[in-house]
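Structure first, commentary second.
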């Protein structure tokens, strides 16, 4: 699906440039980010849903897409995704709705890819 | 105007999918949203301006477009819209300016459509 | 009421210090703020309600208190205030609820003062 | 613990006033809030952790306290709570740290009450 | 570079319309904005970096682009820009990363233009 | 000054508890935070002003206090602090004003301590 490939191609290209710089803080933030979602007292699956819900209430579409992919890999079901959406929309209010529309479009693309 | 039609087509298509799901929370949030802006102690017109101003300071372009359409239907004048813009920009600061540029473009499209 | 007097005493004391500094930008921002809520295409009353709703979704308790006082002076009724609350809570979500509790407490103090 | 009792007493008193008003939107928002966290495709426990994480990144101390109580009732462990904290701090940045300090103080109070 | 020209063309066109309106508050906000970044106790260069960092944590891509241009005119180096990015990402968290990707793309365009 | 001592005592006590936990992500975030503000392409002084400005627009009073202390140690003058305040207030809008009042109170305490 073009929507998935375009997102990931741009993301990878620019991440490489950021990590290719000499900035140690940015590099450590990236590795801290990876560490955060690993299995621990909570499973990686639950943590990815936490990442998704927090990204939704902060209304960061690219962060939402990233965590949708991770949730998809972790086997989160569509009913579960909708419940994450519902918590985010109730906590964050109707301003989250436009981001939910785009999130659902991306989720469907993930489920429809071969 | 393409800008208006595209926005509404995407919005309707994705809203139908969200409402077509089994998620009761999302459905009730949508109906609560509708209830919120009905005439009451305050007129629907004032409430739509409240919806517009809050969407601007929270910097949600799609929410802004939606409430601009509702304000247009309620007969809000261009001078009134600019005063809503001005409150939102003073309360929310210069980060609201880029959203105001896009809001004005959409407002002009609404006024220029046949 | 102590809650009102304390808020206003602190606000005045610190505003005087800010305006007593040499910083021209802060001074102009204060005078711009005053200009924003004057009667125009929209009445001062409507603008104060816009100021209140935007302060609520941005969750600034002191801003909320300030605009509640202005709404009170403009003759906004309790039913109208609750409708402003309701727009802010639906747009901004349940995170606005704690601020609504404090807003209602302040609104009651304003109505109970002699 | 005084910190817990004071929070809940104020919360209950003001919620009663809000629900005692005639405002239908606020009432429905409260009941929607209750519905959101019930067991479904996701357990109530996971949903409360989603509620906690989203409250932390939106930096609403009272919302954090409320969801900490619910997490406590759901049997969330201290190690799990710290992992929710860690996702919220990485997604939301160091501005979440002061809220984490207050969250931990409240969590300890919940665990130390008789 | 198309990315720079498109941004500035749209920005100028819509700013002219906003300033061409009768709204005094918007006009004064624009002139206050200009005043804010002039040399004073702090140099214009430092102030533009403050403008950039605050725009990043508030996640306003257009504001980021505007301040990147100003930083470029002020002679901010790429190493310095990355340190502004790093403060913004640590303070604001990983939700700032997607905005950093777009910021770096724009910064490279500014440096590659003839 | 009590305001300074109370803030730092609470901050230290709770930071010790967070760092005393087994959570590796929180520990690394704290050390990343320290790394971020060290002299580099930009001086520690400029970085602390970036930390202050971003904390102000995100309206985190405790973060503001922390960076005010660091700015004080770095020898930032009162005129410079007011210029940081002015950028934050123009970018972030009048909702930053109440935080500026509290910031000025803390800044005065820092300057008046023996």
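Protein chains in written order, with the numbering used here: chain A, 1 to 114; chain B, 115 to 228; chain C, 229 to 342; chain D, 343 to 456; chain E, 457 to 570; chain F, 571 to 684. For each residue, glycine too, the CB sits at the ideal point set by N, CA and C.
By the 10 Å Cβ neighbour count, where 16 or more other Cβ atoms means buried, how is residue i classified, buried or exposed?
i, result
"residue 301 of chain C", "exposed"
"residue 332 of chain C", "buried"
"residue 275 of chain C", "buried"
"residue 556 of chain E", "buried"
"residue 454 of chain D", "exposed"
"residue 122 of chain B", "exposed"
"residue 659 of chain F", "buried"
Let me make sure I understand the geometry here. Which of the options has the alpha-carbon closest to that of residue i?
i, options, result
"residue 382 of chain D", "B:131, B:139, B:154, B:147", "B:139"
"residue 110 of chain A", "A:77, A:90, A:43", "A:77"
"residue 501 of chain E", "E:537, E:458, E:473", "E:537"
"residue 358 of chain D", "D:372, D:346, D:345", "D:372"
Assuming residue i contacts residue j under a Cβ cut-off of 8 Å, what Cβ separation, rounded to an integer in Å, is found between them?
i, j, result
"residue 312 of chain C", "residue 270 of chain C", "14 Å between Cβ atoms; not a contact."
"residue 70 of chain A", "residue 37 of chain A", "7 Å"
"residue 216 of chain B", "residue 175 of chain B", "6 Å"
"residue 123 of chain A", "residue 376 of chain D", "The question about residue 123 of chain A has no answer here: the residues shown for chain A are numbered 1 through 114."
"residue 171 of chain B", "residue 296 of chain C", "So it is not a contact: roughly 17 Å between Cβ atoms."
"residue 334 of chain C", "residue 293 of chain C", "5 Å"
"residue 374 of chain D", "residue 146 of chain B", "6 Å"
Could you give the first and the last residue of the continuous alpha helix (DSSP H) run that contains residue i?
i, result
"residue 438 of chain D", "Unbroken run through residue 438 of chain D: none, as it is neither H nor E."
"residue 578 of chain F", "572-590"
"residue 271 of chain C", "Neither: residue 271 of chain C is in no alpha helix (DSSP H) and is coded neither H nor E."
"residue 401 of chain D", "Where residue 401 of chain D is concerned, there is no enclosing alpha helix (DSSP H), given that its DSSP letter is neither H nor E."
"residue 190 of chain B", "Note, residue 190 of chain B: premise wrong, no alpha helix (DSSP H); not H, not E."
Is residue i close to the ligand FMN? I mean its beta-carbon at under 7 Å from any heavy atom of the ligand.
i, result
"residue 217 of chain B", "Among the components of this structure there are no ligands whatsoever, and the ligand FMN is therefore not found."
Sufficient close CB pairs (3 or more, under 8 Å) joining the stretch 244-258 of chain C to the stretch 124-141 of chain B: no
Inter-stretch contact at 8 Å, needing at least 3 Cβ pairs: the stretch 200-220 of chain B / the stretch 658-666 of chain F: yes
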